[in-house]
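If you read the sequence shown in this note's numbering, its first letter stands for residue 321, the second for the next number, and so on.
Cβ atoms here follow ideal geometry from the backbone N, Cα and C, with glycine treated the same way.
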Amino acid sequence: MKKIFLTILLFTSLSLWAQQDPLFSHNMFNQMAINPAYAGSSDMICATAINRLQWTGFGEGAPNVTVVNVNAA
């Protein structure tokens with residue numbers, strides 16, 4: 321009984337955060353997210369940073385996607 325009570329207490333006391341799959345709108349600049357085998361395909365260092373803000377009028381609860389990729393051969 322004590323274990324059941326502690327388990328229920330643990331799950332009810334945690335704050336929950338949910339996420340959704342990120343939506344990438346600039347796929348030509350974000351090849352690593354589409355195909356991870358693209359890493360190291362060129363003989364140079366390549367860095368990409370993309371930020372997408374949606375529903376900016378909603379304030380703090382608006383979706384925000386930030387991606388930073390660095391790859392080198």
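{"Asked": "Just to confirm, is the Cβ distance from V387 to I370 under 9 angstroms?", "Found": "yes"}
{"Asked": "Among K323, V385, L326, N355, which residue has its Cα nearest to the Cα of R372?", "Found": "V385"}
{"Asked": "Under the assumption that I354 contacts A392 (Cβ atoms under 8 angstroms), give the Cβ distance between them as a whole number of angstroms.", "Found": "The Cβ separation is near 19 angstroms, so there is no contact."}
{"Asked": "Who are the near neighbours of A359 in its chain, counting only those whose CB is closer than 8 angstroms to its CB and skipping five residues on each side?", "Found": "M352, N391"}
{"Asked": "So for S329, helix, strand or coil by DSSP?", "Found": "For clarity, residue 329 is Leu in the given sequence; the question names Ser instead. L329: helix per DSSP, three-state reduction."}
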